[in-house]
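full-length UniProt numbering puts the first residue of the sequence shown at 1, with every later residue one more than the last. What follows is one structure encoded as structure tokens, with my remarks underneath.
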Amino acid sequence: MFDTALTFNDLMFMLKGAGVTLSVTAFAVVGGTLLGVFFGVLRSQISPWAALPLTFVLDIFRSVPLLIQLILANAFQAIAGWGISPFVTSCIVLALYTSAYCTEIVRGAIEAVPSVTRRAARSLGMTWGQDLTQIVFPMALRVGLPSWIGLTLGVMKDSALVMWLGIIELLRASQILVTRLQEPMFILLVTGAIYFALSFPIARLGSRLEKRWQEND
1 MFDTALTFND
11 LMFMLKGAGV
21 TLSVTAFAVV
31 GGTLLGVFFG
41 VLRSQISPWA
51 ALPLTFVLDI
61 FRSVPLLIQL
71 ILANAFQAIA
81 GWGISPFVTS
91 CIVLALYTSA
101 YCTEIVRGAI
111 EAVPSVTRRA
121 ARSLGMTWGQ
131 DLTQIVFPMA
141 LRVGLPSWIG
151 LTLGVMKDSA
161 LVMWLGIIEL
171 LRASQILVTR
181 LQEPMFILLV
191 TGAIYFALSF
201 PIARLGSRLE
211 KRWQEND
């Protein structure tokens, strides 16, 4: 048994922070994935020169540290007087950040589909939309899923940076308890265990889907 001052209420405080972490991650991943699919399809269908403005903007989100993006976005909306809460600001920034990486995953997965397969689909009379949804997307999903799972897990850990906007997510909650209880090792062990509990099902789901697809081939 651990001799700790951590109470049930303290643990619930950490779990509440974990709920905030999950919420931010969910908004970021869903929004970023939808944008990433749209931008990825667009980039795979138009010339590199036509895609240059979009590529430049996405490279900004991939190149500038996420913490700087969060702080600047929150400061800008405050100066502009938009009245957007730090939570919403964090979700928007993280979604755009996620979309920048998801775009490359989708583009790479689509371009990994053999061109002969697409030509065969067109020769059978399929439209561009039918080719994309019935041939390209199912094959591209198998290619891009592992990278997307890794991106999702990375976003969950990166969401800890929203604490700099005053949001009490899991890591910030644990820092508050460390300061109050002076038990850094035990509290951080509990925090790591909670992160693991949040991440493990996502990783296992991805592995199970990959295994099922391999069995069906």
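The C-beta atom is built at its ideal place from N, Cα and C for all residues, glycine as well. Bear in mind the structure is a predicted one, so any value in this text is a computation, not a measurement.
As assigned by DSSP and simplified to three states, the class of residue i
| i | result |
| --- | --- |
| residue 47 | coil |
| residue 3 | coil |
| residue 126 | coil |
| residue 40 | helix |
| residue 167 | coil |
| residue 213 | helix |
| residue 83 | coil |
Sequence-distant residues of the same chain with beta carbon closer than 6 Å to residue i, five excluded per side
| i | result |
| --- | --- |
| residue 36 | 99, 102, 103, 106 |
| residue 142 | 213 |
| residue 18 | 170, 194 |
First through last residue of the alpha helix (DSSP H) which encompasses residue i
| i | result |
| --- | --- |
| residue 99 | 86-112 |
| residue 139 | 137-158 |
| residue 64 | No alpha helix (DSSP H) holds residue 64; DSSP gives it neither H nor E. |
| residue 181 | 170-181 |
Spatial distance of residue i from residue j (CA atoms)
| i | j | result |
| --- | --- | --- |
| residue 205 | residue 78 | 40 Å |
| residue 13 | residue 186 | 15 Å |
| residue 46 | residue 202 | 33 Å |
| residue 178 | residue 50 | 52 Å |
| residue 80 | residue 198 | 36 Å |
Neighbourhood of residue i by C-beta, 7 Å cutoff - its chain only, sequence neighbours within 5 removed
| i | result |
| --- | --- |
| residue 174 | 14, 187, 188, 191 |
| residue 70 | 90, 93, 161, 162, 164, 165 |
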